[in-house]
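Peer 1: In order, the protein sequence lines correspond to chains A and B. Heads up, the final residue of the first sequence is numbered 235 in my numbering, and it's a clean run with no missing numbers. Heads up, the final residue of the second sequence is numbered 1235 in my numbering, and it's a clean run with no missing numbers. All C-beta atoms, glycine included, are put in the ideal place defined by N, C-alpha and C. In this text, all values refer to a predicted model and were calculated from it rather than measured experimentally.
There are 2 protein chains.
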Amino acid sequence: MKNIQNVPFNDEVDLLSYNIFNGLTEEELESLTQSMSCTLHKRGNILYHEGSRINGTYIVVKGILKVYKTGFDGKEQIIRFAKDGDLIGFRSTISDELACTTAKVVNDALLCYLPGEILTSLIKVNSEFAMSLMKLTCRELGESNKFLTDIAQKTVRERLAEVLLLLMDTFDLDEDHTLQISLTREELANMVGTATESVIRLLSEFKSDKLIELNGRKIKLINIPKLIKIGNVYI
Amino acid sequence: MKNIQNVPFNDEVDLLSYNIFNGLTEEELESLTQSMSCTLHKRGNILYHEGSRINGTYIVVKGILKVYKTGFDGKEQIIRFAKDGDLIGFRSTISDELACTTAKVVNDALLCYLPGEILTSLIKVNSEFAMSLMKLTCRELGESNKFLTDIAQKTVRERLAEVLLLLMDTFDLDEDHTLQISLTREELANMVGTATESVIRLLSEFKSDKLIELNGRKIKLINIPKLIKIGNVYI
DNA sequence: TTAAAAAAGTGATAAATGTCATAAAACATG
DNA sequence: CATGTTTTATGACATTTATCACTTTTTTAA
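1) Let me know if B:L1227 comes out buried or exposed under the rule of 16 or more other beta-carbons within 10 Å of its beta-carbon.
2) To the nearest angstrom, report how far apart A:K2 and A:L15 are at their CA atoms.
3) For A:K210 versus A:N223, is the C-beta distance shorter than 8 Å?
4) List the residues of chain A that B:D1096 touches, going by C-beta distances under 8 Å, in chain order.
5) Between which two residues does the beta strand (DSSP E) containing A:A82 stretch?
6) Compare the C-alpha of B:K1229 against each of A:R43, A:F72, A:L47, A:I20 and name the closest.
7) What are the boundary residues of the alpha helix (DSSP H) that includes B:V1060?
8) Between A:R91 and chain B, is there a C-beta pair that is closer than 8 Å?
9) With a threshold of 8 Å between beta-carbons, can B:S1144 be considered close to chain A, or not?
10) Please tell me whether A:E97 and B:G1142 are closer than 8 Å, where the distance is taken between their beta carbons.
11) Beta strand (DSSP E) containing B:D1108: first to last residue?
12) Check each candidate in B:E1197, B:R1091, B:V1013 and name the one with the smallest Cα separation from B:L1029.
13) B:I1224 by DSSP, collapsed to three states: which one?
14) Is any beta-carbon of chain B found at less than 8 Å from that of A:F129?
15) Using the three-state DSSP reduction, which class does A:I200 fall into: helix, strand or coil?
16) Whether or not the region 101 to 115 of chain A and the region 51 to 69 of chain A are in contact is what I'm after, with contact meaning three or more pairs of Cβ atoms, one per stretch, closer than 8 Å; do they touch?
17) Counting only C-beta atoms, is A:F81 closer than 8 Å to chain B at any point?
18) Work out the CA separation of B:L1087 and A:L179 for me, nearest whole Å.
19) When the Cα atoms are used, what is the spatial distance from B:R1159 to B:E1027?
20) Short check: CB of B:I1004 to CB of B:L1040, under 8 Å?
21) Note down, in chain order, all residues in the region 145 to 173 of chain A with a beta-carbon under 9 Å from any beta-carbon belonging to chain B.
22) Identify the continuous alpha helix (DSSP H) that holds B:S1095 and give its terminal residues.
23) Is the Cβ of B:L1122 closer than 8 Å to any Cβ of chain A?
24) Per DSSP, which residues does B:Y1048 bridge with? Please list them.
25) Give the range of the alpha helix (DSSP H) segment to which A:T149 is assigned.
26) Which whole-angstrom value describes the C-beta separation of A:L136 and A:I20, a residue pair presumed to lie in contact below a C-beta threshold of 8 Å?
27) Skipping 5 residues on each side, what residues in its chain have a beta carbon closer than 8 Å to that of A:H49?
28) Step through the CB atoms of chain A and report whether any lies within less than 8 Å of the CB of B:E1028.
29) Which residues in chain A have a C-beta closer than 8 Å to the C-beta of B:F1206? List them in chain order.
30) Does any residue of chain B have a CB that is nearer than 8 Å to the CB of A:E140?
31) Keeping to the same chain, check which residues put their C-beta closer than 6 Å to that of B:V1199; ignore five residues upstream and five downstream.
32) Are A:E162 and A:D150 closer than 8 Å when you measure CB to CB?
33) Got a sec: is the Cβ-Cβ distance from B:M1001 to anything in chain A below 8 Å?
34) Bridge partners of B:I1004, per DSSP?
35) Would you tell me roughly how many angstroms separate the C-alpha atoms of A:G51 and A:I78, rounded to the nearest one?
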C-alpha cells in the first residue's frame, strides 16, 4: 500500500511556526521532535475511524483533512476541516474516549503523530501549553454550538451561503476569487446537512442570481455581501 | 429585586463532592472557598447573556439552568442543561471570548461565582485540575458534535424520542417513571430544534402509541425500549 | 380569587426539503 | 483511448415540517 509513506525528517518540521507550541522550552521542543513520527498520506486515506481507539494526536503539517461523523443511515456529517497547523484526534485522547469522528485525507497531507503520553505529560509540565490547548478546545466548542444552532434554525439556502463563506475564511480565495478548496457536491451537502440534490439546485440558483460562478468543482464567489445577507452571517 | 440573594455561607458548600475539584490540595480548596461568592437565583433569572463578557465561572451547587443560543430570528436553541456539580461560563472565560450562550435559571439555583483569575491560576498551578477541566471540555465537544449530526440527519420524531431519553439520563425518573424535570413544550421544541406545535403533536402521538403518559408538564416514560428504537439511540 | 397572560392543543394549509428515476458529463484507470 | 465508475444535473413527486389562525386550558400575579 503506497497510501502512507514514512518521512524520517522530523527536524524539517518547524513546530514553532504553529502558535500552539510557542510556549514550549527548547528541551520540550527537542523531545517533542524526537517522539514524533511523520508520515505522508494520500487523498482518500483514513487516519482513524469513528469508534476506534486513538492514543495520540496528529499535527497537520501540510494538506487538508475532513473530520466527520457517520449518522445512523451511513450519511456523513462533516464537523470540520483540518489544515496546516491544526491538531487532529486530541479530543478523544484527552477525554479518554473512543474516536467520535473519522478523519480522512482530502488533499495529500504530511502528518506528525504525537503519542498520547507525550501530549498529556506536556500538559502537566507546561501550563502555558495546557492553557493554549484548552483555549483551542473551548473555541472549537463555541463553533460547534454555533453551527448546531444554525442547522437547527436556518434553511438549507441560508446554510449553504454560510458554508461557502466559512470555506472562504478557512481556505481563502485565489486571485480569481475562487475557493481554494475543491469539494464534491456531496461533501458540500455533508457540511450543510442536506441532500446532494438540494446543494446542486441551490448552487445553480446562486449562479443564476450572479452570486457565484461554477466551473466544475471550482466555486468563484462574485457577490460576497449578498451571500452574507442570504446566510444571515454576522461576524 | 428579590431574584438574587447573597448567601455568605461559602463553607457550607462542599467542593470536594464534585469530582472536578478532587485533585485540589487543602490550601487550594481553602483559597477557592475564600474567593467564591455564592448567590441564590430564582427561576427565570438570567445569569449572563449571549454576547456579554463574563470573567469567571459559576459552580452550580443546587438547581437547574438552561444554556441556550438565540438564533437569527430570536428563537432559542437549548445547548445543554446544567445541574448540581456542573460548571457554567468557563468556556468563554478560558477562550477569552464573549459569552456565546445565555444561561437562565429553570429551577431555583444556588450558584457560586469563581473569578476568572482564580480559575486560570488554578489551571496553571494544578495540572490534575487542568486535565480534569480539559477532559470535561473535550467530552462536551464530543456531545455537541453528536447532537449536531443528529439534528442534521434525524427526523423531528427521532430527535424528540432521543431528547426524552437524554432528559432521563440527565435528570433521572422518579419512582413513577416520570421525568424529574418539567419543561414547557416550547422548551422541548427548543432542545429538539423544531416548532412547538410539532412537539405537541408528536407527544400526543407517543401517548397514543403508549410510549409515554402526559400529565401537564409531567412526562412518564412507559416504553423506553421502543423510545430507544424510535430515536435510533445506541449507547 | 380573579383577571390577564402564557401555554397547550388542533386543524388547515403552505413551504421546504427529501427521494427516486434517469440522463449527461466528468473522471479514473487498465 | 476505451470503458466502467462516479459525479453532476434535472424533473416529478412524496413527505416532512413550519406557519397561521383559533380555541381551550393552565399558570401567574395583582
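Peer 2: Short version:
1) In the second sequence, counting from the first residue as 1, residue 1227 of chain B sits at position 227. Counting Cβ neighbours within 10 Å, B:L1227 comes out buried, since at least 16 surround it.
2) As a first step, residue 2 of chain A is located in the first sequence; it is residue number 2 there, counting from the start. As a first step, residue 15 of chain A is located in the first sequence; it is residue number 15 there, counting from the start. Note that A:K2 scores 49 on pLDDT, short of 50, meaning its location in the model is unreliable; the coordinates nonetheless yield the value given after this. A:K2 and A:L15: Cα-Cα distance of roughly 27 Å.
3) In the first sequence, residue 210 of chain A corresponds to position 210, counting from 1. In the first sequence, residue 223 of chain A corresponds to position 223, counting from 1. In contact: A:K210 and A:N223 (Cβ atoms closer than 8 Å).
4) Reading the second sequence from its first residue, position 96 is the one you call residue 1096 of chain B. Going along chain A in sequence order, the residues near B:D1096 (Cβ under 8 Å) are K135.
5) Within the first sequence, numbered from 1, the residue matching residue 82 of chain A stands at position 82. Counting along the chain, the beta strand (DSSP E) containing A:A82 begins and ends at 76 to 82.
6) One-based indexing of the second sequence puts residue 1229 of chain B at position 229. Nearest option by C-alpha distance: A:F72.
7) The sequence position of residue 1060 of chain B within the second sequence is 60, counting from 1. Run containing B:V1060: none in the alpha helix (DSSP H); it sits in the beta strand (DSSP E), 1056 to 1070.
8) Counting from 1 along the first sequence, the entry for residue 91 of chain A is found at position 91. Yes, A:R91 counts as interfacial toward chain B.
9) Taking the first residue of the second sequence as position 1, residue 1144 of chain B is located at position 144. At least one chain A Cβ lies under 8 Å of B:S1144.
10) Position 97 of the first sequence, counting from 1, holds the residue named residue 97 of chain A. Position 142 of the second sequence, counting from 1, holds the residue named residue 1142 of chain B. Going by C-beta atoms, A:E97 is nearer than 8 Å to B:G1142.
11) Residue numbering aside, residue 1108 of chain B sits at position 108 when the second sequence is read from its first letter. Residues 1102 to 1115.
12) The residue labelled residue 1029 of chain B in the question sits at position 29 within the second sequence. Ranking the options by Cα distance to B:L1029, first place goes to B:V1013.
13) The sequence position of residue 1224 of chain B within the second sequence is 224, counting from 1. Looking at B:I1224 - three-state DSSP - the assignment turns out to be helix.
14) What you label residue 129 of chain A is simply residue 129 of the first sequence in a count that begins at 1. Not closer than 8 Å to any Cβ of chain B, the Cβ of A:F129 fails to qualify, so no.
15) As a first step, residue 200 of chain A must be located in the first sequence, where it is residue number 200. DSSP places A:I200 in helix when its eight states are reduced to three.
16) yes
17) Walking along the first sequence from the start, residue 81 of chain A turns up at place 81. Chain B, which has no Cβ nearer than 8 Å to the Cβ of A:F81, makes this no.
18) Numbered from 1 along the first sequence, position 179 holds the residue referred to as residue 179 of chain A. Numbered from 1 along the second sequence, position 87 holds the residue referred to as residue 1087 of chain B. The alpha-carbon atoms of A:L179 and B:L1087 are separated by roughly 40 Å.
19) The residue given as residue 1159 of chain B occupies position 159 in the second sequence. The residue given as residue 1027 of chain B occupies position 27 in the second sequence. Cα to Cα, B:R1159 sits roughly 46 Å from B:E1027.
20) Against the second sequence, residue 1004 of chain B aligns to sequence position 4. Against the second sequence, residue 1040 of chain B aligns to sequence position 40. Against a cut-off of 8 Å, the Cβ pair of B:L1040 and B:I1004 comes out as a contact.
21) N145, K146, F147, L148, T149, D150, I151, A152, Q153, K154, E158
22) If you number the second sequence from 1, residue 1095 of chain B lands on position 95. Looking at the DSSP string, the run of the alpha helix (DSSP H) that includes B:S1095 is 1090 to 1095.
23) Mapped onto the second sequence, residue 1122 of chain B falls at position 122. B:L1122 does not count as touching chain A.
24) Here residue 1048 of chain B refers to the residue found at position 48 when the second sequence is read from its first residue. B:A1103, per the DSSP bridge assignment.
25) As a working mapping, residue 149 of chain A is identified with position 149 in the first sequence. A:T149 -> alpha helix (DSSP H) spans 127 to 153.
26) If you number the first sequence from 1, residue 136 of chain A lands on position 136. If you number the first sequence from 1, residue 20 of chain A lands on position 20. That belief holds up - the Cβ atoms of A:L136 and A:I20 are roughly 7 Å apart, short of 8 Å.
27) For the purposes of this step, residue 49 of chain A is taken as residue 49 along the first sequence, with counting starting at 1. Excluding residues within five positions, the ones whose Cβ falls inside 8 Å are A99, T102.
28) For the purposes of this step, residue 1028 of chain B is taken as residue 28 along the second sequence, with counting starting at 1. Judged by the 8 Å Cβ criterion, B:E1028 is not in contact with chain A.
29) Taking the second sequence and counting its residues from 1, one reaches residue 1206 of chain B at position 206. Those within 8 Å of B:F1206 in chain A number zero; the least Cβ separation is about 19 Å.
30) Locating residue 140 of chain A in the first sequence gives position 140, where the first residue counts as 1. By this cut-off, A:E140 is an interface position.
31) One-based indexing of the second sequence puts residue 1199 of chain B at position 199. Hits under 6 Å: R1185, L1188, A1189.
32) For the purposes of this step, residue 162 of chain A is identified with residue 162 of the first sequence, where counting begins at 1. For the purposes of this step, residue 150 of chain A is identified with residue 150 of the first sequence, where counting begins at 1. Yes, Cβ-Cβ distance for A:E162 and A:D150 is below 8 Å.
33) For this step, residue 1001 of chain B is matched to residue 1 along the second sequence. Low per-residue confidence applies at B:M1001: pLDDT is 41, beneath 50, and the placement is therefore not dependable, though the value from the model is reported in the following sentence. False, the Cβ-Cβ gap to chain A never drops below 8 Å.
34) The residue labelled residue 1004 of chain B in the question sits at position 4 within the second sequence. Per DSSP, B:H1041.
35) Residue 51 of chain A sits at position 51 when you count from the first residue of the first sequence. Residue 78 of chain A sits at position 78 when you count from the first residue of the first sequence. Going from the Cα of A:G51 to the Cα of A:I78 covers about 16 Å.
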